[in-house]
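What follows is a set of notes on a single structure, which appears directly below.
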Amino acid sequence: VRCNIVPGVGELFVMPTLTTGGRADILFWEGIPGGPLDVFRGVKDPSEHLALTLELMERFTPWEYARATKVELTDAGGTLAGRYAPTVRNPVGHLPGGGLVLGVADVVVANDPITGQGSNSASKCAAAYLAAIVEHGDRPFDEAWMRSAFDRYWKTAEPVTKWTNAMLAPPPEHVLQLLGAAGELQPIADRFANGFDDPADFENFFFDPEKASAYLASVASGA
Ligand SMILES: Cc1cc2nc3c(=O)[nH]c(=O)nc-3n(C[C@H](O)[C@H](O)[C@H](O)COP(=O)(O)OP(=O)(O)OC[C@H]3O[C@@H](n4cnc5c(N)ncnc54)[C@H](O)[C@@H]3O)c2cc1C
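Heads up: the sequence shown runs through residues -7 to 215, numbered per my numbering.
Here's what the structure looks like:
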């Protein structure tokens, strides 16, 4: 995946993918609401959608546009546009008939796609709920149990949410330093990449400027 950040505008991800028709690349713009990329509302025709995508690439990421002049859609319906606000919901729903439902994955925690966490988080949610079901045995699966099952998932979902929301904001100085250093020093690049698997580690070196500079100093000195 290649990510092109356009400050103040948004970012273009180019994602290799496999479709039923073969190998393809997803051209994926994420735009700041109200900004220059926020122009897809009302665009229903896929070829118009593709043309607009390319126009924005030519304007903001000409190096990617240069690679994409011969693109065509994988199929006639191969486009998607949408918007949503990142949301964490009450995990337990009360049905009109009195029954209870426990939400899973995106239904309860929907983050911005910027960090690419949703699918693995959905799997981690399913794994947490499965363990909670198996451990509970024959006891009733009541509201208290549902909340405890969600709390178990939230242990992994909370760091994902905190980090994803942080990545939506303009990066503070210490984060720019970390990312710059990651371009030079492999251990920092590895640690940042491994954070995609376990964002809880960002607590130790990413959010807090003092922890970030202590970490940078320890890598630079070979400690
Ligand atoms: C633009 C975009 C880019 C993303 N990029 C990434 C990425 O790079 N990496 C990543 O990990 N995640 C990414 N995600 C997030 C990821 O797609 C979701 O987090 C993940 O699919 C959530 O899984 P889920 O099972 O909760 O929901 P879904 O995958 O949405 O599955 C829910 C299913 O329920 C069906 N359904 C809904 N209502 C009913 C009904 N009444 N009856 C029967 N069926 C119903 C739907 O049709 C759907 O198939 C992205 C999301 C978006 C929107």
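We put the beta carbon where it would ideally sit given N, CA and C, even for glycine.
Check                                                                                                                                                                                             : Outcome
Going by Cα to Cα distance, which pick from G70, I106 and D17 is closest to K36?                                                                                                                  : G70
Compare the C-alpha of T153 against each of V93, G108, A73 and V63 and name the closest.                                                                                                          : G108
Using DSSP with H/G/I as helix, E/B as strand and the rest coil, what is P151?                                                                                                                    : helix
Looking at the structure shown, is E77 part of a helix, part of a strand, or coil, going by DSSP?                                                                                                 : The amino acid occupying residue 77 in the given sequence is Ala; Glu does not appear at that position. It is coil, neither helix nor strand.
Answer with buried or exposed for Y207, where buried requires no fewer than 16 other C-beta atoms within 10 angstroms of its C-beta.                                                              : buried
Just reading off the beta strand (DSSP E) that R33 is part of, what are its end residues?                                                                                                         : No beta strand (DSSP E) holds R33; DSSP gives it neither H nor E.
For the alpha helix (DSSP H) containing A161, name the first residue and the last one.                                                                                                            : Element bounds for A161: n/a, residue is neither H nor E.
Just reading off the alpha helix (DSSP H) that N186 is part of, what are its end residues?                                                                                                        : Q178 to G187
Leaving out five residues before and five after N(-4) in sequence, what residues of the same chain have Cβ atoms less than 7 angstroms from its Cβ?                                               : E3, L4, T53 and E56
Can you confirm whether the segment 93 to 102 touches the segment 76 to 85 when touching is taken to mean that 3 or more C-beta pairs between the two stretches lie within less than 8 angstroms? : yes
Have a look at V100 and T156 and give me their C-alpha separation to the nearest angstrom.                                                                                                        : 16 angstroms
Which same chain residues, not among the five before or five after V(-7), have their C-beta less than 8 angstroms away from its C-beta?                                                           : F5, V6, M7, P8 and G108
Judging by CA-CA distance, which residue of R51, S140 and F194 is the nearest neighbour of H166?                                                                                                  : F194
Distance, Cα to Cα, S213 vs G23?                                                                                                                                                                  : 39 angstroms
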